[in-house]
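Protein chains: 2
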Amino acid sequence: MNYNEKALEMHKKNNGKIEIKSKIKVKNREDLSIAYTPGVAQPCREIHKNKEEAYKYTAKSKMIAVISNGSAVLGLGDIGAYAAIPVMEGKSVLFKEFAGVDAFPICIKSRDTEEIINTVKNIEPMFGGINLEDIKAPECFEIEERLKKELDIPVFHDDQHGTAVVALAAIINSLKVAEKSIEDIEVVINGAGSAGIAITKLLNNAGVKNIIICDRKGIISKNRKDLNKSKKEITTITNKKDEDGSLIKALKGRDVFIGVSGPNVLNKEMVKSMNEKSIILALANPDPEIDPDEAKEAGALVVGTGRSDYPNQVNNVLAFPGIFKGALEVMATDINEEMKIAAAYAIAESVSEEKLSKDFILPDPFDKKYVKKVVDNVKKAAIKTKVNRI
Amino acid sequence: MNYNEKALEMHKKNNGKIEIKSKIKVKNREDLSIAYTPGVAQPCREIHKNKEEAYKYTAKSKMIAVISNGSAVLGLGDIGAYAAIPVMEGKSVLFKEFAGVDAFPICIKSRDTEEIINTVKNIEPMFGGINLEDIKAPECFEIEERLKKELDIPVFHDDQHGTAVVALAAIINSLKVAEKSIEDIEVVINGAGSAGIAITKLLNNAGVKNIIICDRKGIISKNRKDLNKSKKEITTITNKKDEDGSLIKALKGRDVFIGVSGPNVLNKEMVKSMNEKSIILALANPDPEIDPDEAKEAGALVVGTGRSDYPNQVNNVLAFPGIFKGALEVMATDINEEMKIAAAYAIAESVSEEKLSKDFILPDPFDKKYVKKVVDNVKKAAIKTKVNRI
Numbered sequence: 000m001n002y003n004e005k006a007l008e009m010h011k012k013n014n015g016k017i018e019i020k021s022k023i024k025v026k027n028r029e030d031l032s033i034a035y036t037p038g039v040a041q042p043c044r045e046i047h048k049n050k051e052e053a054y055k056y057t058a059k060s061k062m063i064a065v066i067s068n069g070s071a072v073l074g075l076g077d078i079g080a081y082a083a084i085p086v087m088e089g090k091s092v093l094f095k096e097f098a099g100v101d102a103f104p105i106c107i108k109s110r111d112t113e114e115i116i117n118t119v120k121n122i123e124p125m126f127g128g129i130n131l132e133d134i135k136a137p138e139c140f141e142i143e144e145r146l147k148k149e150l151d152i153p154v155f156h157d158d159q160h161g162t163a164v165v166a167l168a169a170i171i172n173s174l175k176v177a178e179k180s181i182e183d184i185e186v187v188i189n190g191a192g193s194a195g196i197a198i199t200k201l202l203n204n205a206g207v208k209n210i211i212i213c214d215r216k217g218i219i220s221k222n223r224k225d226l227n228k229s230k231k232e233i234t235t236i237t238n239k240k241d242e243d244g245s246l247i248k249a250l251k252g253r254d255v256f257i258g259v260s261g262p263n264v265l266n267k268e269m270v271k272s273m274n275e276k277s278i279i280l281a282l283a284n285p286d287p288e289i290d291p292d293e294a295k296e297a298g299a300l301v302v303g304t305g306r307s308d309y310p311n312q313v314n315n316v317l318a319f320p321g322i323f324k325g326a327l328e329v330m331a332t333d334i335n336e337e338m339k340i341a342a343a344y345a346i347a348e349s350v351s352e353e354k355l356s357k358d359f360i361l362p363d364p365f366d367k368k369y370v371k372k373v374v375d376n377v378k379k380a381a382i383k384t385k386v387n388r389i
Numbered sequence: 000m001n002y003n004e005k006a007l008e009m010h011k012k013n014n015g016k017i018e019i020k021s022k023i024k025v026k027n028r029e030d031l032s033i034a035y036t037p038g039v040a041q042p043c044r045e046i047h048k049n050k051e052e053a054y055k056y057t058a059k060s061k062m063i064a065v066i067s068n069g070s071a072v073l074g075l076g077d078i079g080a081y082a083a084i085p086v087m088e089g090k091s092v093l094f095k096e097f098a099g100v101d102a103f104p105i106c107i108k109s110r111d112t113e114e115i116i117n118t119v120k121n122i123e124p125m126f127g128g129i130n131l132e133d134i135k136a137p138e139c140f141e142i143e144e145r146l147k148k149e150l151d152i153p154v155f156h157d158d159q160h161g162t163a164v165v166a167l168a169a170i171i172n173s174l175k176v177a178e179k180s181i182e183d184i185e186v187v188i189n190g191a192g193s194a195g196i197a198i199t200k201l202l203n204n205a206g207v208k209n210i211i212i213c214d215r216k217g218i219i220s221k222n223r224k225d226l227n228k229s230k231k232e233i234t235t236i237t238n239k240k241d242e243d244g245s246l247i248k249a250l251k252g253r254d255v256f257i258g259v260s261g262p263n264v265l266n267k268e269m270v271k272s273m274n275e276k277s278i279i280l281a282l283a284n285p286d287p288e289i290d291p292d293e294a295k296e297a298g299a300l301v302v303g304t305g306r307s308d309y310p311n312q313v314n315n316v317l318a319f320p321g322i323f324k325g326a327l328e329v330m331a332t333d334i335n336e337e338m339k340i341a342a343a344y345a346i347a348e349s350v351s352e353e354k355l356s357k358d359f360i361l362p363d364p365f366d367k368k369y370v371k372k373v374v375d376n377v378k379k380a381a382i383k384t385k386v387n388r389i
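First to last, the protein sequences are chains A and B.
Number 207 in numbering that gives the first Met the number 0 belongs to position 208 of the first sequence; there are no gaps in the numbering.
Number 198 in numbering that gives the first Met the number 0 belongs to position 199 of the second sequence; there are no gaps in the numbering.
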């Protein structure tokens, strides 16, 4: 039985993957009087006096909303809010299983940016954080940006920032193996959708000085007339030598390739044209930009993909559960770049020196010791940047 | 320690009362491949082909949204969306503990009727039913009516219909004790807010022929010029003799008083003016319309209140968990009057002949045998009225 059949059977047997659990028992009138009327009025009164008391007396303190409109789901594309439910429930399961974070799926039946923003703002009271998921670009940028501004709880688009954090972690450790320094490397990112843009910004903030980002038409430069808003913005931090041309040209003499694009856009010749001890993160799913074995044959030192059947899986699950857990624990108002960088270093540093090698640059997701390190690092960064409330 | 202090302590200790539980474990890559990518894509595809498959493969099949904007919470009034969370979490707990129904609190930070309607419509995909709670009149009427029309899942305003169902159950059994018939009784309802209007409609649909409803100004009749929309509508099924005057006048020679108003609007003289073997449901909370002992001294045969420290507590918890469970089990598109009446009879009939007495007209909420009967009756009524989808 393959994964598709097993998944159908499991989802059907359980009627989905999540349920609501009561933390308390209601067995008699006394229980009822404390959990519900008349006793419940007292926490209500305290929160009415100061809304932040909701973190003390309600599940808000541990509850994330996993929000999608199903417009860009996994490899499935635009399948809508109903068909997105299994993925969002899956995300809830990962939040709980990996970091003990409660996460509830909210699948929004709308394609209108303003309406999605309003809906999330309206339902915010119950939640301590917002995880945006599988919302297509460019709407996802506006939705995230506006919600970050207009809400006082953290908002995090995992397809952008989760991917970026784990990619950064992979780069940090790959550089140890390659004995190169983050300030010196030249990086080419292929794919200028939400993940590509977020990776570019995070690498830049983490100290990478030379980044070139390409889309289907090649290098994104100020000279191009066909750029959307996010691509135009990204030219201010990339392509310092103002190069133009193809991905092939971009790669020559570079140290790192990060693909968030599609299958087979990279070939052996292109890898050969890169610097020695090159690092390839071919993250297109399910089929990477280049077959990892081919990349190695062509001379790449470290190759990572999004797949679990090759070494060095760049998997968001290493990041988002711990990041939100850390944010919730300090009642953070934001998940900012410093917190993301701190999370990436926590993930990277969770690989012991003995284990670290070109085929082991990231922790095993199921060896969950790294989660606590992510939580701690994120909390420290939140406090340092003063987005904490406790 | 009183209930207020106990409630504060309990809510603080647990950080609220609900959490998300994963129905499955994710301990290794195989688990991950079935719960999440790549396997999860298969249930997504099935739902994309037919959205009703969401009932098969997701938690929608068992999940209710408990929706409030905190504008009319318990005895607390307009405390807003944040301060309403403990009550809505309490409701979730009751759904789960009494009927195994998963219910998630959605506290909406808006007072605009259209915006509330849109928000609920937008987040509907994840839910198999909508329980509206503690939304003030008259907005609650428009919100419920519109959502019932515009969504294909059941929408039920518990403050209206939960109260009405349990009040009807109380009347059904009180009439057995009083040896009167539902067609013959004359009923006076005091309070023309959401609960009063809903009780009036349900009793009318259940066969009560003579109902008078009063507000603060007395009997609601066609002659009055000061009636809002819902009060105007209710004159078409009430006050057949077109009476005018005070509650005092309304009560003379009547069989049943149902109060959903405020403390002390009923006195001994008024009870004495009623028919023999009168039935009093004084449901104002926490202080009923008349002290139960006084009502009995004045000749009432059966007295019920909303309080747990007197006999005959009219408690919504007898109704809503089983009603939603029944609706979910047949994938109902609506909770209609027939289903509510069926639920009321199930509750009433759960009191055995031996136990039934003037001081025991409703089941003990914690003796949960009645829940299954409610579920079964509601399912049968849904099938009979063709609002079922399985």
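The beta carbon of each residue, even a glycine, is placed where N, CA and C say it ideally should be.
Note that the coordinates shown come from a computational prediction; the quantities given were computed from them, not determined experimentally.
query                                                                                                                        : result
Where B:Thr-118 meets chain A, residues with beta-carbon distance less than 7 angstroms                                      : Thr-118, Asn-121, Ile-122
Cβ contact (3+ pairs, closer than 8 angstroms) linking the segment 344-359 of chain B and the segment 119-128 of chain B     : no
Exposed unless 16 or more other CB atoms sit within 10 angstroms - verdict on B:Asp-151                                      : exposed
Residue environment, A:Asn-263, which counts as buried when at least 16 other CB atoms sit within 10 Å                       : exposed
A:Leu-300 vs A:Val-176 beta-carbon contact at 8 angstroms                                                                    : yes
Beta-carbon spacing of A:Ile-46, A:Ala-40 below 8 angstroms                                                                  : no
Range of the contiguous alpha helix (DSSP H) that encloses A:Met-87                                                          : 84-98
Residues sharing a beta bridge with A:Ala-341, DSSP                                                                          : Note: A:Ala-341 sits in no beta bridge, so no partner.
Alpha-carbon spacing of B:Gly-149 relative to B:Lys-120, whole angstroms                                                     : A quick correction: the sequence has Glu, not Gly, at residue 149 of chain B. Computed Cα separation, rounded: 8 angstroms.
Limits of the alpha helix (DSSP H) - the one that B:Asp-30 falls within                                                      : 28-34
Touch test, the segment 22-34 of chain A against the segment 69-82 of chain B, Cβ-Cβ under 8 angstroms, three pairs minimum  : no
Where B:Ser-180 falls, given that 16 or more other Cβ within 10 Å makes a residue buried                                     : exposed
Distance between A:Asn-387 and B:Ala-331 (C-alpha atoms, nearest Å)                                                          : 45 angstroms
Chain-ordered neighbours of A:Thr-162 on chain B, where CB pairs are closer than 9 angstroms                                 : Within chain B, no residue comes near A:Thr-162; the closest Cβ sits about 13 angstroms away, beyond 9 angstroms.
DSSP state of B:Asp-308 mapped onto helix, strand, coil                                                                      : coil
Near-chain B residues of the segment 131-142 of chain A (beta-carbon distance less than 9 angstroms), N- to C-terminal order : none
Secondary structure of A:Asn-335, DSSP reduced to three states                                                               : coil
Stretch pair the segment 298-314 of chain B + the segment 89-102 of chain B: three plus CB contacts closer than 8 angstroms  : no
Minimum Cβ-Cβ distance from A:His-156 to chain B less than 8 angstroms                                                       : no
8 angstroms Cβ cutoff met for A:Ile-346 and A:Ala-168                                                                        : yes
Contact between the segment 211-227 of chain A and the segment 235-243 of chain A (3+ Cβ pairs under 8 angstroms)            : yes
For A:Glu-353, three-class secondary structure by DSSP                                                                       : coil
Chain A contact for B:Glu-242 (CB, 8 angstroms cutoff)                                                                       : no
Residue-chain proximity (B:Met-330, chain A), Cβ-Cβ < 8 angstroms                                                            : no
A:Ile-219 (DSSP reduced to helix, strand or coil)                                                                            : coil
Presumed contact (8 angstroms Cβ cut-off) between A:Val-186 and A:Cys-213, rounded CB distance                               : Actually they are not in contact, since the Cβ atoms of A:Val-186 and A:Cys-213 sit about 11 angstroms apart, beyond 8 angstroms.
Chain-ordered chain B contacts of A:Asn-13 [CB-CB under 8 angstroms]                                                         : Lys-22, Ile-23
Assumed close pair A:Ile-233, A:Ile-198 - CB separation to whole angstroms, cut-off 8 angstroms                              : Between A:Ile-198 and A:Ile-233 the Cβ distance is about 11 angstroms, and since that is not below 8 angstroms, they are no contact.
For B:Asn-3, the nearest candidate out of A:Asn-14, A:Ala-381, A:Glu-29, A:Lys-12 (CA to CA)                                 : A:Glu-29
Same chain, Cβ closer than 6 angstroms to B:Ile-279, neighbours up to 5 away in sequence not counted                         : Phe-256, Ala-294, Ala-299, Val-302
Status (buried if at least 16 other CB within 10 Å, exposed otherwise) for A:Asp-292                                         : exposed
Neighbour-count burial assignment, B:Arg-253, 16 or more Cβ in a 10 Å radius                                                 : buried
A:Asp-214, DSSP secondary structure in three states                                                                          : strand
C-beta neighbour in chain A for B:Val-259, strict 8 angstroms                                                                : no
8 angstroms contact criterion, which B:Ile-134 and B:Ile-122 should meet: CB distance rounded                                : Not really, about 16 angstroms apart at Cβ, beyond 8 angstroms.
Buried versus exposed call for A:Gly-79 [16 or more other C-beta atoms within 10 Å across all chains shown]                  : buried
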